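Residue numbers (our numbering), protein chains in the order written: chain A, 2 to 118; chain B, 2 to 148; chain C, 205 to 453. Every residue gets a Cβ at the ideal spot worked out from N, C-alpha and C, and that includes glycine. Remember, it's a predicted structure, so these values are computed and weren't measured experimentally. Below is one structure; the comments refer to it alone.
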């Protein structure tokens with residue numbers, strides 16, 4: 002049975018690969034500061050105007066887009082493998098498009114989010 | 002204790018002359034031996050997906066004005082959020098270390114006339130990039146860089 | 205003369221004429237300290253139970269015939285010293301393969317996948333004899349030599365979780381061999397193989413468990429080959445978008 006996503010596999014794999022590579026590189030500092038150090042009071046959280054000025058710059062928008070979009074594709078792709086490994090190869094034709102659609106919609110929302118900064 | 006693999010696994014296009022027993026999964030799959038690390042690696046996909054959507058929430062709040070931004074910052078102080086981020090940091094490090102271990106050997110020996118650097122150099126470069134990007138991004142997010 | 209120590213072997217048995225499903229049978233036999241697992245199986249067949257069926261040939265880890273699951277891990281039984289194992293050893297047929305009888309698995313499924321990757325030098329035109337031999341430098345040989353060392357023992361297929369769950373996946377050894385030919389400076393078939401790699405048995409199904417490389421007795425590193433093949437297939441796909449190949453094959 003020809004899988005409906007066969008012709009998209011190369012681009013999905015590229016996005017997934019960058020999701021791990023670039024996603025991990027960027028998310029480590031993001032989680033360390035925004036998720037742990039600032040909430041625990043080890044450092045001060047960025048004030049709104051400073052954060053907005055950084056985020057709304059060209060480089061800032063690209064970085065934020067990467068932080069949103071790339072991990073979603075890594076996540077979707079790996080969760081697809083989890084579903085298959087749990088014996089669900091037969092359901093992959095349904096599960097895979099659902100997961101990738103989630104990543105796609107999240108990516109589109111991410112693009113809108115950085116544009117409206 | 003053997004469990005069945007997909008019944009079509011490694012089946013020939015034309016069946017053999019005698020009845021065969023169905024294929025069995027590797028006994029240690031998915032939670033024993035080396036498979037444990039592999040399965041965990043795949044499950045970090047859930048963390049990455051959630052982090053992506055959390056990042057979306059943060060950036061959306063940033064674009065919605067100061068009250069929304071402050072709301073997100075306050076939410077992140079909740080112990081559950083902190084616990085999730087600690088788990089995320091562990092997942093990122095685990096996934097990064099595993100991926101970086103495999104990345105050098107998956108580079109083609111040549112693309113046209115271009116050869117990649119030796120594998121130890123690629124590995125060192127990856128870790129240097131990871132540390133460098135983390136330090137720079139952390140300094141930016143704490144307001145030390147680009148005041 | 206001191207008594208030889210004994211070990212117990214729990215061996216999977218399956219006779220399609222009499223068994224509905226595979227079962228296990230226990231054998232307790234005296235063993236020598238320098239035996240491999242295969243020596244024990246041959247002793248069982250020769251001295252205890254002549255009905256036990258298993259494949260073996262070279263006894264020196266070059267033919268790839270004697271692959272089996274030993275204590276849950278795919279191994280070449282001629283290579284595994286018995287002294288590495290405890291007093292009880294479980295021997296089963298390779299995982300992920302249909303079982304013909306006892307420890308003998310059906311390999312035709314692999315042959316089908318193997319043929320599909322065109323594991324030979326593909327050239328549009330053969331060189332004439334007067335043109336002399338095709339020359340290849342040591343550097344060119346190094347690019348693919350590791351992937352040519354495969355002995356088709358199938359341990360990688362037995363270890364791969366994707367082979368277990370996705371029947372269309374071409375699998376480690378077949379992809380590694382196809383990639384070996386694509387990397388060979390004498391070959392012109394990389395584009396054809398990249399299309400096969402992006403096709404039904406797609407290389408992108410590989411989830412980089414790396415189990416194939418962990419179990420490979422010849423250090424072929426099929427995981428490296430499969431993941432290099434992904435890059436090659438993507439580059440081919442991307443350049444194909446920009447520069448479509450005008451019907452050349």
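Identify which residue in the options has its Cα closest to the Cα of residue i.
i                      : options                       : result
residue 12 of chain B  : C:401, C:299 and C:399        : C:299
residue 42 of chain A  : B:120, B:74, B:148 and B:134  : B:74
residue 231 of chain C : C:212, C:431 and C:335        : C:212
residue 257 of chain C : C:335, C:219, C:435 and C:420 : C:219
residue 49 of chain A  : B:130, B:125, B:15 and B:59   : B:59
residue 15 of chain B  : C:302, C:443 and C:273        : C:302
residue 396 of chain C : C:339, C:441 and C:262        : C:441
residue 85 of chain A  : C:317, C:367, C:344 and C:360 : C:367
residue 252 of chain C : C:263, C:262, C:259 and C:233 : C:233
residue 13 of chain A  : A:59, A:108 and A:63          : A:108
residue 433 of chain C : C:408, C:319, C:445 and C:328 : C:408
residue 54 of chain A  : B:97, B:67, B:45 and B:102    : B:67
residue 117 of chain A : B:107, B:57 and B:84          : B:57
residue 51 of chain A  : B:80, B:71 and B:23           : B:71
residue 312 of chain C : B:42, B:84, B:38 and B:9      : B:9
residue 32 of chain A  : B:139, B:123 and B:26         : B:139
residue 228 of chain C : C:426, C:317, C:372 and C:215 : C:215
residue 102 of chain B : C:412, C:217 and C:398        : C:412
residue 429 of chain C : B:89, B:18 and B:105          : B:105
residue 33 of chain B  : C:207, C:246, C:285 and C:275 : C:275
residue 376 of chain C : C:259, C:399, C:405 and C:394 : C:405
residue 24 of chain B  : B:144, B:7, B:127 and B:123   : B:7
residue 120 of chain A : A:35, A:37, A:36 and A:72     : Residue coverage of chain A in this structure runs from 2 to 118, which leaves residue 120 of chain A outside it and unanswerable.
residue 53 of chain B  : A:74, A:56 and A:63           : A:74
residue 439 of chain C : C:292, C:385, C:319 and C:394 : C:394
residue 10 of chain A  : A:28, A:44 and A:98           : A:98
residue 17 of chain B  : C:329, C:371, C:305 and C:248 : C:305
residue 345 of chain C : B:110, B:31 and B:92          : B:110
residue 25 of chain A  : A:76, A:7 and A:89            : A:76
residue 28 of chain B  : C:296, C:427, C:285 and C:286 : C:296
Starting from residue i and walking both ways along the beta strand (DSSP E), at which residues does that stretch end?
i                      : result
residue 212 of chain C : 210–217
residue 294 of chain C : 292–296
residue 60 of chain A  : From DSSP, residue 60 of chain A is part of no beta strand (DSSP E) but of the alpha helix (DSSP H) over 59–86.
residue 278 of chain C : 277–280
residue 304 of chain C : 303–305
residue 271 of chain C : 271–274
Report the neighbours of residue i on chain A: residues whose CB is nearer than 7 Å to its CB, in chain order.
i                      : result
residue 96 of chain B  : 21 and 25
residue 156 of chain C : A question about residue 156 of chain C goes unanswered here, because the residues of chain C that appear run from 205 up to 453.
residue 86 of chain B  : 32, 36 and 37
residue 402 of chain C : 10 and 11
Please check the pair residue i and residue j, which I expect to be a contact at CB under 8 Å, by giving their CB distance rounded to whole angstroms.
i                      : j                     : result
residue 49 of chain B  : residue 20 of chain A : 7 Å
residue 310 of chain C : residue 40 of chain B : The pair is not a contact, with the Cβ atoms about 28 Å apart (cut-off 8 Å).
residue 94 of chain A  : residue 23 of chain A : Not confirmed; about 29 Å, so no contact.
residue 100 of chain A : residue 81 of chain A : 5 Å
residue 69 of chain A  : residue 39 of chain A : Their Cβ separation, rounded to whole angstroms, is 19 Å, which puts residue 69 of chain A and residue 39 of chain A out of contact at 8 Å.
Mind pulling the chain C residues with CB within less than 7 Å of residue i?
i                      : result
residue 22 of chain B  : 218, 225, 226, 302 and 303
residue 15 of chain A  : 438
residue 100 of chain A : Chain C residues near residue 100 of chain A: none, gap ~14 Å exceeds 7 Å.
What residue does the alpha helix (DSSP H) around residue i start on, and which one ends it?
i                      : result
residue 227 of chain C : Where residue 227 of chain C is concerned, there is no enclosing alpha helix (DSSP H), although the beta strand (DSSP E) it sits in stretches over 227–234.
residue 11 of chain B  : Taken as a continuous stretch (DSSP letters only), residue 11 of chain B belongs to no alpha helix (DSSP H), as it is neither H nor E.
residue 98 of chain B  : 80–103
residue 415 of chain C : 415–419
residue 249 of chain C : That residue, residue 249 of chain C, is in no alpha helix (DSSP H); it is neither H nor E in DSSP.
residue 365 of chain C : 365–369
residue 54 of chain B  : 36–63
residue 389 of chain C : Run containing residue 389 of chain C: none; DSSP gives neither H nor E here.
residue 315 of chain C : 312–320
residue 11 of chain A  : 10–31
residue 128 of chain B : 120–142
Who are the neighbours of residue i on chain C, taking C-beta pairs under 8 Å?
i                     : result
residue 75 of chain B : Correct list: empty, because the minimum Cβ distance to chain C is about 39 Å.
Run down chain B in chain order and give the residues with a C-beta less than 9 Å from the C-beta of residue i.
i                      : result
residue 233 of chain C : Result: empty, since nearest Cβ-Cβ is about 23 Å, beyond 9 Å.
residue 432 of chain C : 106, 107, 108, 109 and 110
Can you name the residues of chain A whose CB is closer than 8 Å to the CB of residue i?
i                      : result
residue 166 of chain B : The structure shown does not extend to residue 166 of chain B, since chain B spans only 2 to 148, so no value can be given for it.
Along chain B, which residues have their Cβ under 8 Å away from the Cβ of residue i?
i                      : result
residue 371 of chain C : 7, 9, 10, 11 and 12
Taking residue i as the query, report the chain B residues whose CB atoms sit under 7 Å from its CB, ordered along the chain.
i                      : result
residue 107 of chain A : 53, 54 and 57
residue 274 of chain C : Neighbours of residue 274 of chain C on chain B: none; closest Cβ ~11 Å, over 7 Å.
residue 112 of chain A : Within chain B, no residue comes near residue 112 of chain A; the closest Cβ sits about 10 Å away, beyond 7 Å.
Starting from the beta carbon of residue i, find every residue of chain A whose beta carbon is closer than 9 Å, and list them in chain order.
i                      : result
residue 324 of chain C : Near residue 324 of chain C there are no residues of chain A at all, since even the closest Cβ is about 26 Å away, more than 9 Å.
Q. Should the segment 314–324 of chain C be regarded as contacting the segment 239–249 of chain C, the criterion being three or more beta carbon pairs within less than 8 Å?
A. A contact is defined here as three or more CB-CB pairs under 8 Å, and the segment 314–324 of chain C fails this definition with respect to the segment 239–249 of chain C.
(Q) Taking 8 Å as the cut-off, does the segment 406–421 of chain C touch the segment 361–376 of chain C (at least 3 CB pairs, one atom from each stretch)? (A) yes
Q. Within the chosen definition, does the segment 343–355 of chain C reach the segment 372–386 of chain C through at least 3 CB pairs nearer than 8 Å?
A. Touching, yes.
Q. Touching or not, the segment 385–393 of chain C and the segment 336–344 of chain C, by the rule of three or more beta carbon pairs under 8 Å?
A. In this structure the segment 385–393 of chain C lies against the segment 336–344 of chain C, because at least three pairs of beta carbons, one per stretch, are closer than 8 Å.
Q: Answer yes if the segment 128–146 of chain B comes into contact with the segment 257–270 of chain C, meaning at least three C-beta pairs across the two stretches below 8 Å, and no otherwise.
A: no
Q. Does the segment 89–98 of chain B come close enough to the segment 30–46 of chain B that 3 or more CB-CB pairs lie under 8 Å?
A. yes
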